Amino acid sequence: MVTQRCSNCGESVSADYDFCPNCGRILRYAGYRVRFKDQIDLMRGVRREGAVLFVGLPKDCVDDPDHYLNLAKKICWMIEEDGGVGEWIEPDYRVLGIFGLPIYTPDFIERALNTALKIRNLGSGFRIAVNTGPFFLAAFGTPHHSTIFGETVNLASKLLDQTGIGEIVVTEAVAQHCRFEYELIPEDGNFRLVRSRDTLFWQIPTLEREVEIEKIKSLFNASMQGKTIWCGIKGRFGIGKSKVKEEIKAIALRYGTVILEVDCNTSGPIQFLKPLAKLVNQILEFANGEIKVQATLFSESLGLKSPHQRTVMVPFANRMPFTDYGDLYGSIVEILNLLARRFTFLVIIEDAHLIDTGTLELLKVIKGRLVNQPVFFLLIYESDLMIKDLKVGDFNEIELKPLSRKAVEQLVKVFYKDKPPELDFYRITGGNPYYTIQVLKNPEFYHLVKDPDYLQRQIIIEKIDRLPPNLKETLFAAAIAGEGFEPKWLLTLINRPVEEELVALIDAGLLKSSDNLFSFTDKTIKEVASEMMSYEDRIDLHNRLGRILESIYHDKIYNYAEVIAHHFSQGGNYEKASYYLKLAADKALSLSQLDRAVELYLKAVDYLDILNPRDNFYRKMRIDIGENLTRILDYLGDYKNLSEMAEESVAIASRWQLKDARLWALVSLAKGLIGIGESDRARSTLEQILRDAPKKGDITASAQALYGYLHFLNQNYGKAMAYFNLSLNSAQSEGLIHHNLINLIVLHKELGNFTKAHEYAEEGLKSNPSLFFQITYHLILGEIYTMLNAYTLAEGELYWSYSEARRINAIRFEVEAGINRLLAQRISGSIDYDLSESIGKILPLIKGRRAQAVLRVKYLLADPLKNLKEIEKLIPVLRDLAENPLILQTYLSLAQFDRENLKHWATKAFELAERLQLPFYLARAYFWLGESLPENDPKRRQYHNRCKALLDGLVSGPDRFGELIRTIPEYRGATKR
């Protein structure tokens with residue numbers, strides 16, 4: 001018979017009794033006896049988890065029935081004191097103890113072992129066996145008498161037969177659970193319990209909690225005197241809240257207090273109201289057995305079963321409409337008032353930070369109406385965001401803090417008496433009791449040394465496991481959605497409202513919110529949540545979310561293309577993933593985010609390579625991406641990758657026999673080879689293009705332009721001019737025509753043919769080109785006027801380019817025009833420092849090694865003396881990029897302004913100008929080389945005469961540019977007598 005002991009007179013009575021038959025006192029298990037829904041459940045058995053303790057009494061009990069009865073009662077009392085249920089088995093002279101019933105406690109194994117140690121200390125004749133696992137409860141004949149049976153009970157009974165006198169033997173299942181808390185010796189497949197290791201892990205959560213526990217005890221005692229008290233225990237996960245709760249429950253049991261406990265993490269069929277349903281049904285169930293007349297009135301109005309049946313009532317939320325809450329709450333308060341006149345209550349709301357609206361509203365009504373009754377409300381939570389309304393007025397909050405470093409270090413010394421591992425336990429655990437226990441129990445410390453996140457991941461896994469199914473499903477969906485998702489994504493993905501669940505996940509410290517966008521508080525949480533899902537579920541959710549986002553954002557698909565591509569790639573739909581990655585890369589390209597565009601294009605290529613190369617979708621995408629990539633890499637000056645990408649495109653186009661695609665890929669390859677200095681390979685590639693391409697057309701024009709550029713680099717300016725003219729005649733598209741015209745203008749400018757360059761620029765502007773080319777033409781004209789010291793003319797051209805570039809938000813043109821304006825202003829000596837500051841801020845936005853280096857040097861030349869050191873560092877970069885004309889301009893500018901090193905810069909300018917054979921620059925170099933010599937040095941006059949002769953040779957006639965050449969400082973200085 002399962003019994004319980006009266007706390008008043010000590011009488012042992014059946015666990016089914018509510019009142020002691022000897023003295024009439026309320027019994028401790030009143031309202032908490034094991035009840036079942038109906039007789040069918042009892043007949044088929046109910047599975048429970050718990051610990052089974054068998055005690056074999058000493059042999060002297062066989063001949064002394066009184067001694068046996070007294071000793072058996074005493075052992076039953078000891079079992080009950082530790083929260084179990086004891087029953088003596090008279091024919092076998094044994095005592096059976098069950099832990100985990102009637103009130104479930106998560107530490108039932110520790111309670112069983114501690115009880116076993118206490119029993120052994122009574123004398124030397126006891127034999128004790130302990131096992132843990134599932135067992136079955138069933139009733140035969142009457143629902144009021146249940147029988148415990150199953151393999152767990154049978155194994156413990158057999159184990160007792162093999163146990164020696166004075167020994168405690170436990171099974172491997174018990175040993176696995178508590179091998180660190182107790183000293184165990186292996187013995188014939190089982191383990192012999194020697195002693196408790198000072199019950200270390202049992203004590204850790206209550207260490208340095210003495211003040212807090214005493215305060216809660218005093219509040220509880222005050223409540224038992226007839227005052228309703230509300231108390232909250234606040235603290236982070238693992239801080240010891242549940243252990244403090246267990247201590248209070250143990251005190252309440254000694255008082256015979258009725259405990260009503262609701263975990264807001266519990267699961268059930270009613271997602272929104274399940275904690276509320278459980279709390280209300282506990283109250284009604286207790287009332288069902290204790291105040292039958294009054295309960296009848298309420299149960300009839302609520303449509304519940306007869307209160308006279310000894311059954312668990314049907315959850316009210318299954319039947320009640322939402323509008324009846326007001327009447328229900330008032331009814332519950334009245335029932336509590338009636339019950340509290342005869343009994344004391346401890347109401348525990350665990351994980352209150354995840355509380356649902358229904359339970360919260362009921363508690364608010366109770367708090368307002370239930371005042372002077374012996375009811376103690378204990379709320380346990382990590383965050384008080386959801387229960388702020390309950391904290392008004394008389395509310396006692398006790399916040400648990402982490403353990404101190406000293407306490408953690410003392411625990412380590414106690415646990416590892418011989419040689420503690422060289423590990424900073426406090427740094428790893430932060431003083432959190434739960435984390436401390438996990439680290440101490442984990443002998444594989446190399447995990448923590450090699451992977452500092454190992455413990456954190458294990459803790460996150462356990463925290464997620466504690467979530468109810470609906471929150472867990474929402475968290476998993478959030479892990480699929482990734483960072484910065486909107487609630488409507490999850491609403492469609494899991495097909496139910498998620499606002500309250502997202503708030504609960506924020507309170508649990510898993511998510512955070514900003515501007516209605518949600519993300520994870522730590523990326524590790526997202527990774528762990530994703531890993532906890534099955535592979536099939538992840539694939540399915542990613543594909544579904546990709547389709548959902550396609551539908552939601554069909555009108556602004558470019559903004560979400562990268563996100564959609566991510567989900568399709570994770571879902572294994574690589575065709576759609578590559579398509580949306582290309583859209584994302586196209587957008588990045590339109591925003592001048594060139595590095596990002598390259599990254600996205602390359603990722604799209606990786607996904608395409610998984611598909612069937614014979615598919616038309618694959619071929620078209622591969623060619624389009626290849627063309628875009630080569631253009632970007634050319635602009636960025638990344639010629640090594642450009643040549644590699646172009647070679648790959650040539651091979652693919654050749655394999656598919658796509659002639660035009662192959663020729664364009666060869667053009668890109670030639671550009672890359674020229675950029676990395678392989679002129680011979682570039683020349684042979686261009687010859688191959690010209691052999692295979694039509695006589696006229698953009699492919700031929702592009703190859704001829706590259707041939708011209710090769711001749712320009714080799715200082716063969718005549719052939720360069722010829723090929724540029726051929727390219728101009730071969731080009732068919734408007735864009736390529738203007739590009740070739742610009743090539744001719746730049747060549748004439750560098751050679752000093754300013755009149756011809758001006759004519760070509762005017763010709764280009766007259767053809768009414770796009771704004772892109774208009775800005776370019778005006779920029780080149782401004783550069784020409786700046787070279788000739790015509791500040792007013794240069795400012796007019798450059799100001800127009802700068803204004804138009806700003807109007808259309810063309811950053812590259814804005815920077816280039818602004819820098820050229822600064823160089824022109826340097827001539828007049830009136831620098832616009834606001835303009836300089838504005839350009840300096842946006843200059844870092846320019847991408848590409850060539851563009852960055854060229855524009856940075858030009859920007860620095862606006863004040864060459866101030867920026868001399870940085871300019872010297874950038875000259876080798878320009879040399880690698882073959883930007884020789886700009887290097888020459890830099891040397892001449894430094895020679896003009898850095899008078900202390902005039903000879904050094906003039907010599908460098910002369911050597912480079914003589915090698916390049918650019919007459920305008922060579923003339924200026926001669927002048928500054930002469931200026932570096934003393935006035936009485938005959939070579940000074942020779943250099944000045946050569947300067948004048950070269951500049952006179954550039955004057956083609958009495959036109960504007962001839963006059964401008966004669967006004968530059970070098971010409972005037974060279975003609976001065």
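Taking full-length UniProt numbering as reference, the numbering of the sequence shown is continuous, increasing by one, and the terminal residue is 977.
Glycine included, each C-beta is placed from N, C-alpha and C at the ideal position.
Note that the structure is predicted; figures quoted are calculated from it, not measured.
Residue pairing from DSSP places Arg47 in a beta bridge opposite Phe136. Apart from the 5 residues on each side of it in sequence, Thr228 sits with its Cβ closer than 6 Å to the Cβ of Leu370, Val371, Gln373, Val375 in its chain, given in chain order.
Two segments are said to touch when three or more pairs of C-beta atoms, one from each, lie closer than 8 Å; by this definition the stretch 502–512 does not touch the stretch 562–579. With at least 16 other beta carbons inside 10 angstroms of its own, Pro402 counts as buried.
Assigned with DSSP and collapsed to three states, Gly240 falls in coil, not helix or strand. Apart from sequence neighbours up to five positions away, the residues of its chain that approach Thr521 with a beta-carbon distance below 7 Å are Gly509, Leu510, Leu511, Lys512, ordered along the chain. A direct Cα-Cα distance of roughly 8 Å separates Arg960 from Thr755. Going by DSSP, Gly764 is part of the alpha helix (DSSP H) stretching over 754–766. Around the beta-carbon of Leu423, fewer than 16 other beta-carbon atoms lie within 10 Å, marking it exposed.
C-alpha of Ile494 to C-alpha of Ser514: approximately 22 Å in a straight line. If you draw a straight line from the Cα of Val130 to the Cα of Leu184, it is about 13 Å long.
Shortest Cα-Cα distance from Tyr607 to any of Leu751, Trp489, Lys582 involves Lys582. Excluding sequence positions up to five before and after Lys388, its CB lies less than 7 Å from no other CB in the same chain. Note on geometry: alpha-carbon atoms of Leu933 and Arg940 lie some 6 Å from one another.
Under the three-state reduction of DSSP output, Val169 falls in the strand class. Judged by DSSP in its simplified three-state form, Lys401 adopts coil rather than helix or strand.
Per the DSSP secondary-structure output, Lys234 pairs in a beta bridge with Tyr381, Glu399. DSSP places Pro694 in no alpha helix (DSSP H); its state is neither H nor E.
The shortest C-alpha to C-alpha distance from Ile366 to any of Thr357, Ile332, Asn396 is the one to Ile332. Contact between Tyr785 and Gly764 does not hold, since the beta-carbon distance rounds to 17 Å and is not under 8 Å. Residue nearest to Asp624 within the set Tyr639, Phe773, Ala604 is Ala604 (criterion: CA-CA distance).
Counting only runs of at least 4 residues, the stretch 449–500 fully encloses the following alpha helix (DSSP H) elements, listed from N- to C-terminal order: 454–465, 469–481, 487–494. Contact holds between the stretch 231–248 and the stretch 425–444, because three or more Cβ pairs, one in each stretch, are under 8 Å apart. Judged by DSSP in its simplified three-state form, Glu883 adopts coil rather than helix or strand.
With at least 16 other beta carbons inside 10 angstroms of its own, Pro468 counts as buried. Per the DSSP secondary-structure output, Val95 pairs in a beta bridge with Val55, Trp88.
Distance from the CA atom of Gly782 to the CA atom of Pro876, rounded to whole angstroms, is 27 Å. Taking a contact as a CB-CB distance under 8 Å, the pair Thr171 and Leu155 counts as one, their CB atoms being some 7 Å apart.
The Cβ atoms of Asp537 and Phe476 lie closer than 9 Å to each other. Distances from the CA of Gln917 to each of Val412, Glu762, Leu751 were compared; the closest alpha carbon is that of Leu751. DSSP places Glu183 within a strand segment (E or B) once states are collapsed to three. Excluding the 5 residues flanking it on each side, Tyr943 has same chain C-beta neighbours closer than 6 Å at Tyr926, Leu929, Gly930, in chain order. The beta carbon of Ser578 lies closer than 7 Å to those of Ala604, Tyr607, Leu608, Met621 in the same chain, with the five residues before and after it left out. Under a 10 Å Cβ-count criterion, Asn714 is classified as exposed, with fewer than 16 other Cβ atoms of the shown protein chains found around its own Cβ. Just so you know, the alpha carbons of Pro694 and Trp800 end up roughly 40 Å apart. Secondary structure in the stretch 879–928: the alpha helix (DSSP H) runs of 4 residues or longer, each lying completely within the stretch, are 884–897, 902–916 in chain order.
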